[in-house]
Amino acid sequence: MDLLENIKQSIIDMDRGKVVELTRKALGEGIKPERLLYEALTPGMDIVGEQYEKNIKFIPEMLMSAEALRDAMELLAPILTKSDLSKAGRVVMGTVEGDIHDIGQQIVSMMLEGAGFEVYNLGVDVPADKFVEKAKQEQADVVGMSAFLSTTGLRFPDVIEALQEAGIREQVKVMIGGAAASGKYAETIGADGYGSNAGAAVRLVKSFMSKQ
Amino acid sequence: MAKEIKAKRPLVSLLSTEFIERIVDEAKEVLDKTGVWVQNEEGLEILGNGGARIDREKEKAYIPKRLVEESLKSVPSSITLYDRNGNPHINLEGNNIHFNPGSGGPKVWDSDLNVIREPSTQDHINYTKLVDALDNIDQISAAMIPNDVPKEIGGQYRVFLCLKYSTKSIFGGTFHKDGLQVEKDLLVAIRGSEKAAREKPMLLIGACPSPPLKWSDLTCHDLIMGAQNWIPPVLISMPLTGSTAPITIGGSLVQHTAESLSGVVIGQLASQGSPIIWGGSPAAFDMRFGTTPMGAIETMMIDMAYNEIGKYLGIPTEAYIGISDAKRPDSQAGLETGIGAVLAALAGINLITGAGMLNLETTQSLEKLVIDNEICGMARRLVQGITPRGERLAEDLFTEGLYEGKHFLLSPTTMKWFREEFFYSGPVISREDDQTWMEKGATTAEQRAKEEVKRILATHEPEPLDKDVDIELVKIMTKDAEKYGMSKLPLP
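Chains as they are written, first to last, in numbering that gives the first Met the number 0: chain A, 0 to 211; chain B, 0 to 491.
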């Protein structure tokens with residue numbers, strides 16, 4: 000359908016205004032919001048993601064497309080069911096306590112949103128109990144933690160322990176990232192995976208969800 | 000009689016004076032209108048008492064132009080550091096250049112296993128001994144973060160190892176608010192008294208604002224304590240273009256200048272007249288990979304430009320440059336480091352931090368240190384320039400009975416100048432004919448560097464510490480480690 004194709008292309012073209020205009024038009028014509036999500040918006044963002052992986056589109060361009068997607072989602076959210084909204088999954092993200100480096104995890108968060116995930120970004124310097132509280136509150140599928148310093152990398156096991164104590168360790172997948180993380184460290188502390196860069200992190204989260 | 004001609008010191012400049020002034024003016028405006036976040040109680044108090052407008056709730060300080068200008072008047076334009084024996088070692092002023100290894104990375108290149116891994120105490124000891132032996136690397140840095148001691152003591156432990164296994168002055172850092180006190184105690188043990196340590200400083204401490212425009216509790220603490228205790232802070236502002244700082248080089252330079260000026264103000268208010276270094280580790284953020292390439296040409300341009308601004312303000316400079324993003328000492332490592340070191344030398348950066356460093360400023364390599372030692376030697380020779388030698392430059396051309404070939408080789412003029420005029424490369428650099436090269440194993444620079452590392456570690460013995468001082472240092476360091484559950488240091 001032309002309109003859906005146009006919306007998809009507007010995402011790729013990073014045209015926020017057009018995405019909103021055409022989404023409104025589509026809703027006005029009675030097109031179901033699920034069709035907009037699965038036949039226009041998500042496919043558009045998938046193509047952007049592919050082009051980013053191939054170094055055809057760069058980070059600012061990818062983030063701009065994600066903003067366009069977010070604008071459209073604001074129109075759809077009141078009408079979509081909760082399950083449709085976060086069909087991809089719910090992810091709690093944050094930089095651990097004592098650490099203020101966040102550019103990497105911010106990019107991961109935005110890419111996850113672009114991929115259809117509901118992301119709760121707690122920001123920086125996040126104590127373990129805050130990760131747990133949010134994961135419980137939102138019934139998160141994944142908890143993603145970032146640390147840049149070798150000192151703050153020590154906080155990862157704290158969060159995992161806190162999840163265990165709260166009785167929800169089995170309900171979530173735990174992912175670590177940042178300069179203080181590594182595949183080996185993830186194994187050692189009992190995390191479920193390590194995202195070495197933004198693209199890898201998103202793929203990891205998707206793989207967690209597909210195994211559910 | 001020829002007039003005395005001095006060698007010209009080659010210099011490269013990226014900014015006109017007008018552009019520098021524009022950047023500095025805009026930076027002062029940022030400090031006045033936007034202010035800086037200061038998450039340290041003492042820092043806020045010092046700034047408030049000095050005349051800055053403080054918003055305690057937001058932890059912000061708005062620094063008026065007048066205060067910046069006053070601070071610039073009292074900051075010293077030269078710093079002398081001494082070696083472990085108390086001899087003058089490094090003079091940071093004018094366009095003097097010095098090299099030190101890139102620091103502090105949590106990883107090391109293992110050339111036996113061909114992997115990047117975490118370093119241990121033994122790795123740091125090997126590194127220290129190696130740098131102690133390398134003539135073209137002036138100062139040692141607390142470069143590796145050993146993984147076999149509690150992370151909280153990592154900062155001071157590296158300084159301890161540098162003091163034990165080398166006599167060179169040190170570029171250090173901390174991970175914990177208690178760290179700098181331990182480093183101070185180590186220095187006093189070396190010098191014999193606080194007074195002696197004050198008179199002959201040998202340690203620099205990194206003080207890194209968090210971009211944009213923020214001083215964390217730890218970094219502000221180190222800045223103040225360093226300023227008050229003859230441990231000159233090296234301001235390491237690190238704008239990442241388009242991600243933690245404005246996208247344009249000019250915009251990032253304004254941020255660097257603003258952050259660094261705020262550091263100068265805090266330092267001068269903490270201790271007027273105390274030395275400080277205008278340093279940094281900016282990067283041209285790669286919009287494809289979301290990484291911070293130190294080998295990008297624009298990264299180097301930002302370094303060179305902020306260094307010009309520091310010189311304009313009359314402050315000794317430092318930069319993280321002469322570093323590669325390669326993952327092992329390969330061609331990429333050579334080309335990025337070579338370009339960076341030469342540019343840094345031509346810019347007159349007083350302290351050039353980078354030797355040995357790989358992989359987006361995270362990984363040290365002993366083999367790369369040996370190769371970079373050559374680069375540093377070449378860069379240093381370059382900026383010595385061309386000195387006119389002798390009454391007549393080409394004395395031999397005026398000699399009776401001149402003929403080609405053997406004459407020049409045997410001429411007394413040749414004998415007089417052949418060592419001094421040229422920088423002779425070490426065994427890492429291949430200059431023999433290819434037949435000989437084949438016979439010697441057809442090696443790469445990386446392979447030759449590995450052999451050279453082995454040779455140096457087997458033969459170089461750093462000057463040992465006085466037995467009593469050694470015992471004292473170990474005592475201080477062990478006491479600190481005990482606080483975090485380690486009763487014996489993993490020393491050989």
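Quick reminder that beta carbons are idealized off the backbone N, C-alpha and C, glycines included. From a predicted model like this one, the values you see are computed outputs, not experimental measurements.
Between the segment 94 to 112 of chain A and the segment 29 to 41 of chain A, the count of C-beta pairs closer than 8 Å stays below three; the two stretches do not touch. The Cβ of PHE57(A) sits closer than 8 Å to at least one Cβ of chain B. Separation of ALA180(A) and HIS123(B) (C-alpha to C-alpha, rounded to the nearest whole angstrom) is 21 Å. For TYR193(A), the beta-bridge partners assigned by DSSP are ILE175(A). Closer than 8 Å to the CB of ALA197(A) there is at least one CB belonging to chain B. In summary, PRO231(B) is buried, with 16 or more beta-carbon neighbours lying within 10 Å of its beta-carbon over all protein chains present. Close CB contacts of SER486(B) within its chain, under the 8 Å cut and outside five residues either way in sequence, are with THR477 and ALA480 (chain order). Here the alpha carbon of ILE136(B) sits roughly 8 Å from the alpha carbon of ALA354(B). Of the candidates ILE58(A), VAL90(A), GLY43(A) and LEU203(A), the residue whose Cα lies closest to the Cα of ALA71(A) is GLY43(A).
Spanning the alpha carbons of ASP157(A) and SER140(B) requires a straight line of approximately 32 Å. Taking the Cβ atoms as the reference, GLY278(B) lies roughly 6 Å from ALA318(B), within the contact range of under 8 Å.
Nearest Cα to LEU66(B) within the set GLY440(B), HIS175(B), LEU91(B) and ASP31(B): ASP31(B). GLY205(B) carries a strand assignment under DSSP once its states are collapsed to helix, strand and coil. Check the Cα spacing between VAL118(A) and each of GLU132(A), SER206(A), PRO126(A) and ASP140(A): the tightest is with ASP140(A).
Under the DSSP definition of a beta bridge, GLY104(B) partners with MET143(B). Taking a contact as a CB-CB distance under 8 Å, the pair ALA165(A) and VAL95(A) does not count as one, their CB atoms being some 17 Å apart. Membership of ILE301(B) in the alpha helix (DSSP H) is indicated by the continuous run 296 to 311.
Close to ALA178(A), with beta-carbon spacing below 8 Å, are these residues of chain B in chain order: PRO105 and THR361.
Here SER168(B) is near MET201(B), since their CB atoms are less than 8 Å apart. Contact between PRO315(B) and THR298(B) does not hold, since their C-beta atoms are separated by about 21 Å, which reaches or exceeds 8 Å. Among the bridge pairs identified by DSSP, ALA354(B) is matched with PRO100(B). Taking C-alpha positions only, GLN121(B) is separated from PRO491(B) by approximately 8 Å. Per the DSSP secondary-structure output, PRO87(B) pairs in a beta bridge with TYR81(B). The beta carbon of GLY103(A) sits closer than 8 Å to some beta carbon of chain B. In this chain, LYS27(B) is not harboured by any beta strand (DSSP E); it is covered by the alpha helix (DSSP H) spanning 16 to 32. Under the three-state reduction of DSSP output, LEU111(A) falls in the helix class.
For ASP131(B), the uninterrupted alpha helix (DSSP H) segment begins and ends at 120 to 132. Counting the other CB atoms within 10 Å of its CB gives SER165(B) a total of 16 or more, which places it among the buried residues.
Around GLY484(B), the same chain offers PRO149 as residues with beta carbons nearer than 7 Å, after the five sequence neighbours per side are excluded.
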